[in-house]
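For the record, in the sequence shown the residue sitting at position 280 is 280 according to the UniProt record's numbering, with numbers rising by one throughout. By construction, the Cβ of each residue, glycine as well, lies at the ideal position given by its N, Cα and C atoms.
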Amino acid sequence: MDITQIHACFLKCSSVSIDTRRIEKNSFFIALKGTSFDANIFAKEALEKGADFVLIDNAQYYIDEQTILVNDCLATLQQLASFHRRYLNLPIIAITGSNGKTTTKELFQAVLARKYKTKATYGNLNNHIGVPLTLLSFTKETEIGIVEMGANHQEEIAFLCEITQPDYGYITNFGKAHLEGFGGVEGVVKGKSEMYNYLSASDKKVFVNLDDSIQNTKTKKMNQITFSTSFPNSFIFIDKIEANPFVKISYQNIEIQSNLIGLYNATNIMAAITVGRYFNVENEEIKKSLESYLPENNRSQIINKKSNEIILDAYNANPSSMDVALQNFIQLDKNSKIAVLGDMFELGNDSFQEHQNIINKLYLNANFDCHIIGKEFFLAKKQKSNLYYYQSFDEFSKYLQNYPFENSFILIKGSRGMALERTLQYI
1 MDITQIHACF LKCSSVSIDT RRIEKNSFFI ALKGTSFDAN IFAKEALEKG
51 ADFVLIDNAQ YYIDEQTILV NDCLATLQQL ASFHRRYLNL PIIAITGSNG
101 KTTTKELFQA VLARKYKTKA TYGNLNNHIG VPLTLLSFTK ETEIGIVEMG
151 ANHQEEIAFL CEITQPDYGY ITNFGKAHLE GFGGVEGVVK GKSEMYNYLS
201 ASDKKVFVNL DDSIQNTKTK KMNQITFSTS FPNSFIFIDK IEANPFVKIS
251 YQNIEIQSNL IGLYNATNIM AAITVGRYFN VENEEIKKSL ESYLPENNRS
301 QIINKKSNEI ILDAYNANPS SMDVALQNFI QLDKNSKIAV LGDMFELGND
351 SFQEHQNIIN KLYLNANFDC HIIGKEFFLA KKQKSNLYYY QSFDEFSKYL
401 QNYPFENSFI LIKGSRGMAL ERTLQYI
């Protein structure tokens with residue numbers, strides 16, 4: 001069966017699934033393999049639970065005409081997604097970057113949904129499996145698609161662009177994320193810029209923050225749609241930004257009071273304004289969408305608990321996002337501030353130096369208590385009366401049980417593997 005025939009089968013289904021635990025009736029089940037699992041063994045179960053077709057790559061599990069046997073299910077998933085994208089031929093915006101991808105994607109979705117039937121990446125399903133699944137979720141009713149792309153090594157963004165074939169792209173920033181896989185900061189810039197390479201070669205358009213020198217330089221010869229706080233001739237010029245702690249933005253006599261904290265989120269909001277205006281969403285609708293957007297999933301959430309006010313930013317962390325979060329927190333005009341920080345992962349040989357850089361920043365600039373958790377930070381510790389170190393979360397939790405935080409403004413930030421949202425149990 002060729003990809004055209006497989007796509008015809010897919011179109012008869014109402015959804016696509018890769019997990020029989022969450023399978024829906026009338027779905028198209030794809031049996032993917034991993035290092036410790038083989039979903040081919042669930043083909044029969046998928047049909048019994050209501051799937052119309054199952055895609056397998058092991059002939060041993062062939063059942064009947066509802067079973068589609070291919071050489072490689074993952075490769076076929078990616079080919080099917082790319083075929084479906086061409087079949088729909090709708091405008092697609094691709095987003096990548098070191099920090100802020102998911103928040104930016106959600107802001108784009110919130111703004112564009114005021115005028116169009118839009119669909120975007122669910123959660124952060126932004127890899128070689130998540131991107132194809134996102135594309136397969138688009139339908140004839142979808143008017144604009146938004147695809148988030150993540151990467152931790154070279155050529156990954158290029159590959160995802162070949163599958164997605166975006167018409168527009170936006171790179172949030174170039175930061176110190178996944179340094180181990182990219183081979184340093186220069187590798188990050190090179191890897192993320194693969195999106196620029198694709199868009200330039202196919203003469204597509206790119207959204208550009210002119211205040212970011214790397215974006216500005218790398219896109220000068222491209223079809224730019226620009227925004228800036230410094231260049232008045234940009235497509236969207238921002239008059240004023242405040243963040244104490246919530247971001248407030250003024251442009252074209254419009255003032256937007258968001259529910260997002262920190263100057264690092266101001267750029268995400270500016271990008272969403274730019275995308276909205278480019279697609280002719282009215283300013284008043286943009287204002288409504290951005291002011292009603294509430295962050296969730298441990299991403300810069302403001303939580304009031306007992307006597308404490310908490311910034312929960314424990315979804316992920318890298319040196320760049322940690323630095324801007326701390327810079328913002330240090331500048332906030334709040335009493336009784338406390339920072340709870342956890343290790344940053346995937347930094348390879350740069351890990352010690354990057355953790356030490358954060359410690360040095362705190363040593364020099366933090367006039368509040370900092371509770372610093374994890375083996376990497378512990379190795380880089382520098383003693384000061386307001387800096388407290390713990391090798392594990394268990395050590396920190398024991399401290400909290402004896403000395404709970406009260407009447408404080410608290411920042412919680414660390415890599416996903418640190419699961420620092422557990423702190424909420426004790427405060």
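Let me make sure I understand the geometry here. Which of the options has the alpha-carbon closest to that of residue i?
i           : options                   : result
F279        : N360, N304, V324 and F235 : F235
I241        : K105, K101 and A266       : A266
I93         : V185, N173 and G276       : G276
E346        : D323, N318, S250 and V185 : N318
S408        : N402, S415, G262 and I427 : I427
G169        : N244, V70, I330 and P91   : P91
S351        : L362, F138, A366 and K375 : K375
P132        : N26, S336 and E162        : E162
residue 442 : L77, L74 and L47          : Missing from the structure shown is residue 442; the chain here goes from 1 to 427 and no further.
P245        : Q252, Y264 and F237       : Y264
R22         : K248, F37, E255 and A51   : A51
Q331        : K140, L411 and N152       : L411
D72         : L312, D2, K337 and H84    : D2
P232        : Q252, H84, E141 and K140  : Q252
Q353        : Q154, F378 and G187       : F378
residue 434 : Q154, A43 and K25         : The displayed coordinates of the chain run from 1 to 427. Any statement about residue 434 would go beyond what the structure contains.
Rounded to whole angstroms, what is the Cα-Cα separation between residue i and residue j?
i           : j    : result
T96         : A271 : 13 Å
L135        : L112 : 18 Å
N173        : N124 : 17 Å
K101        : E148 : 7 Å
E406        : E291 : 30 Å
T4          : A380 : 56 Å
P166        : S397 : 46 Å
I18         : S82  : 18 Å
residue 431 : F393 : Any question about residue 431 goes unanswered here, given that the chain covers just 1 to 427.
S385        : I359 : 13 Å
S415        : Q66  : 43 Å
T219        : E156 : 20 Å
Q78         : I171 : 23 Å
F329        : L420 : 17 Å
E395        : G150 : 33 Å
N365        : Q327 : 9 Å
K382        : S289 : 44 Å
I256        : K337 : 27 Å
Y122        : N297 : 12 Å
By the three-class DSSP mapping on this structure, what secondary structure does residue i have?
i    : result
Q327 : helix
K140 : coil
V131 : helix
L347 : coil
N297 : coil
K119 : strand
N386 : coil
K375 : helix
K192 : helix
E406 : coil
A59  : helix
Q215 : helix
Spatial neighbours of residue i within its chain, please: CB distance less than 6 Å, with the 5 preceding and 5 following residues excluded, ordered by chain position.
i    : result
N40  : A31, I56, N58 and Y61
N335 : none
L294 : N259
S27  : C13, S15, S17 and A51
A120 : K105, Q109 and I146
L160 : V131 and M149
D239 : S250 and Y251
The ligand SAM and residue i: does any heavy atom of the ligand fall closer than 7 Å to the residue's C-beta?
i    : result
L341 : Looking at this structure, you won't find the ligand SAM or any other ligand, since it has none at all.
For residue i versus residue j, is the C-beta distance shorter than 8 Å?
i    : j    : result
L80  : H128 : no
A325 : F368 : no
G274 : I225 : Looking at the sequence provided, one finds Thr at residue 274 rather than Gly. Going by C-beta atoms, T274 is nearer than 8 Å to I225.
I372 : Y389 : yes
V208 : N216 : yes
F237 : S250 : no
A158 : E194 : yes
L387 : Y363 : yes
M418 : D343 : yes
R299 : T139 : no
R114 : V281 : yes
G223 : K204 : Checking the sequence, you will find Asn at residue 223 rather than Gly. Cβ distance < 8 Å, so N223 and K204 count as in contact.
K287 : I261 : no
E143 : T118 : yes
Closest Cβ-Cβ distance between residue i and chain C: below 8 Å?
i    : result
I410 : Of the protein chains in the structure, only one exists, and it is not chain C.
Leaving out the 5 sequence neighbours to the left and right, which residues in its chain are closer than 8 Å to residue i when beta-carbon positions are compared?
i    : result
L74  : L32, K33, H128 and I129
T35  : none
I68  : M1, I6, C9, F53, V54, L55 and I56
K306 : E406 and I427
Going by beta carbon distance, what residues of the same chain come within less than 7 Å of residue i, once the five residues before and after it are set aside?
i    : result
Q301 : P295 and L312
Q356 : A380
Y198 : A158 and C161
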